[in-house]
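What follows is a single structure, written as structure tokens, with notes after it.
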Amino acid sequence: MNDQFSITRLSRFGALVLGLLLTVYAFAAANLPPQTSSQSGVTVKVTPRNLAGTEWEFTIVFDTHSQDLKDDPLKSAVLVVDGGAPSAPTGWQGDNPGGHHRKGVLRFKAAAASPANVELRLQRPAESEPRVFRWQLR
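What follows is the structure in structure tokens.
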């Protein structure tokens, strides 16, 4: 009976610690500043929206007055965590290609460990280098 009490107590403690860690990362994402890149007549603004749970989210805004925005973030973006291998997005919920203003949320599978930094790379059509957006998490 004493062992069962200890296991229950440890499980509750583990759940509490996990909850605190998820809260810290959600709070950290809410406090990470947006980053903006302006190049070739197109401004891209990326804001970490949620870096907690099993899925991470970034809000992306494209803005231009000189061309149609035909970007497909599902094909042109990757997430790099702590300099590791690039990960493809799992989903895009937002405006369809075309027009001069687009906004949406790009989703990725969450990193397994608590990373020190996160980098979103976005390769735009007709641009030779990807646009890079980096955040220090700890």
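Numbers given in the working numbering equal positions in the sequence shown, counted from 1, plus 14.
Heads up, the beta-carbon is just placed ideally off N, CA and C, and yes, glycines get one too.
Going by C-alpha distance, which of 130, 119, 144, 133 is nearest residue 63?
119
Residue 54 (DSSP reduced to helix, strand or coil):
Here residue 54 sits in coil by DSSP.
Would you mind giving the Cβ-Cβ distance between residue 53 and residue 145, rounded to the nearest angstrom? I have them listed as a contact below 8 Å.
7 Å
Identity of the residues DSSP links to residue 93 by a beta bridge
101, 134
Under a Cβ-count criterion, where at least 16 other Cβ atoms within 10 Å of its own Cβ denotes burial, should residue 116 be classed as buried or exposed?
buried
What is the rounded straight-line gap between the Cα of residue 133 and the Cα of residue 122?
12 Å
Between residue 48 and chain C, is the shortest Cβ-Cβ distance under 8 Å, so that the two count as touching?
Protein chains in the displayed structure number just one, and chain C is not present.
Please work out which residues of its chain come closer than 6 Å, Cβ to Cβ, to residue 71, disregarding the five sequence neighbours upstream and downstream, and give them in chain order.
For residue 71, where only same-chain residues beyond five positions count, the Cβ hits under 6 Å are 63, 64, 119, 121.
Is residue 124 buried or exposed, if buried means 16 or more other CB atoms sit within 10 Å of its CB?
buried
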